[in-house]
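Here is the structure we will look at.
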Amino acid sequence: MADWTDCLNFGISVAKQASEIVLSAFQQQKEVKLKSSPADLVTETDQRVEKILISAIRTKYPLHRFIGEESVATGECLEWTDSPTWIIDPIDGTVNFVHRFPFVAISIAFTVNKQTEFGIVYSCVEDKLFYAQRGRGAFLNGERLHASRQEDISRCVVVTEIGAERDDLALSTMTSNIFRLLKLPVHGVRALGTAAVDMCQVATGGADAYYHIGMHCWDIAASAIIVQEAGGVVMDTDGSEFDMMSRRVIAASSAEVARRIAQVIQAFPCRRDDED
Ligand code: IPD
């Protein structure tokens with residue numbers, strides 16, 4: 004079995020270097036552009052950080068491929084192959100970044116044969132480095148992570164996001180999903196504004212579940228393996244196998260909790276990330 008530890012360590016070091024750029028821009032006024040909706044934003048820092056990350060990694064690993072949020076936003080084709088592939092979100096939580104709400108992350112996943120080998124989520128303002136390597140556990144700043152293992156939905160804190168989709172069907176589906184969960188009841192519903200950091204809360208045991216419809220593969224690819232390696236489960240919102248291109252995810256402390264959420268929530272149609 005190939006050992007990708009050097010790649011993981013290199014990914015961590017470039018994420019930490021790139022976070023200096025995110026942090027120095029964080030307090031400043033930003034020029035903001037809209038992408039797919041009034042809640043889907045990009046700044047010059049998102050684009051700059053992605054270019055720096057890809058260029059550093061490509062210099063060291065010239066044969067590796069990349070899927071980057073801002074490259075795709077500017078028209079690059081999203082092609083996920085069996086080759087070693089780095090899936091990058093330079094700033095997950097761009098709305099937070101623009102408003103200086105202190106949860107923004109650099110998210111990097113690495114896949115080979117379409118299997119995730121490791122994931123890195125660096126929550127820059129909090130200085131929290133989450134990472135996991137397949138079969139080797141999940142860590143936060145070097146400390147091993149364990150999901151809560153909670154099996155009773157009525158004792159759960161559930162994290163979710165309204166997301167960037169703002170058409171009537173998406174909004175009514177998402178708000179009624181929250182209503183139905185609260186009526187189960189669950190202990191609480193939370194949102195930090197970054198899918199990557201939200202999902203890592205399940206890995207820490209601080210939250211018991213997370214679900215989201217409409218995010219993209221770069222938002223959740225890294226945190227999915229972090230949750231799994233912490234002992235949690237990930238699946239599609241319809242209860243089927245997790246598919247990082249489907250734009251739907253449930254991450255939970257246990258299969259029981261994930262399945263209960265899948266029974267309660269509904270999805271709205273989203274174009275797959277890998278659709279032509
Ligand atoms: C967004 C964040 C947000 C989620 C959106 C994502 P971005 O990513 O993860 O929490 O609700 O669906 O698009 O645009 O900040 O990288």
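Here the sequence shown is numbered in the working numbering, starting from 4 and rising by one per residue.
Note that CB positions come from ideal geometry on N, CA and C, so glycine has one too.
Closer than 7 Å: residue i CB and nearest ligand 1 heavy atom
{"i": "M218", "result": "yes"}
{"i": "D170", "result": "no"}
{"i": "V161", "result": "no"}
{"i": "E47", "result": "no"}
{"i": "E164", "result": "yes"}
{"i": "E72", "result": "yes"}
{"i": "C78", "result": "The amino acid occupying residue 78 in the given sequence is Gly; Cys does not appear at that position. Checking the Cβ of G78 against ligand 1 gives no."}
{"i": "I94", "result": "yes"}
{"i": "G196", "result": "yes"}
{"i": "A173", "result": "no"}
{"i": "D222", "result": "yes"}
Backbone CA spacing between residue i and residue j [nearest angstrom]
{"i": "Q269", "j": "N180", "result": "7 Å"}
{"i": "I123", "j": "F69", "result": "15 Å"}
{"i": "S16", "j": "E146", "result": "18 Å"}
{"i": "V281", "j": "Q31", "result": "Because the chain is modelled from 4 through 279, residue 281 falls outside the range shown and cannot be assessed."}
{"i": "G217", "j": "W7", "result": "30 Å"}
{"i": "F142", "j": "A76", "result": "31 Å"}
{"i": "K38", "j": "K19", "result": "27 Å"}
{"i": "A112", "j": "T88", "result": "8 Å"}
{"i": "V260", "j": "V192", "result": "14 Å"}
{"i": "V337", "j": "L44", "result": "Outside the modelled stretch of the chain, which goes from 4 to 279, sits residue 337, for which no answer is possible."}
{"i": "D92", "j": "K186", "result": "34 Å"}
Run of the beta strand (DSSP E) containing residue i, from where it starts to where it stops
{"i": "M238", "result": "V236 to M238"}
{"i": "K131", "result": "K131 to Q136"}
{"i": "D95", "result": "T88 to D95"}
{"i": "T114", "result": "A108 to V115"}
Where the alpha helix (DSSP H) through residue i begins and ends
{"i": "Q118", "result": "Run containing Q118: none in the alpha helix (DSSP H); it sits in the beta strand (DSSP E), Q118 to S126."}
{"i": "I264", "result": "A258 to V267"}
Within-8 Å CB hit, residue i to chain C
{"i": "D85", "result": "Among the chains in the structure shown there is no chain C, since it carries only a single protein chain."}
**Message:** Extract the residue ranges of the alpha helix (DSSP H) inside the stretch 31–69, only unbroken runs of 4 or more that lie entirely within it.
**Reply:** Those alpha helix (DSSP H) runs which fall completely within the stretch 31–69 and span 4+ residues are 47–63.
**Whole beta strand (DSSP E) elements within the stretch 180–261, 3-residue minimum** = Runs of the beta strand (DSSP E) lying entirely within the stretch 180–261, each at least 3 residues long, are 191–193, 212–216, 236–238 and 251–255 in chain order.
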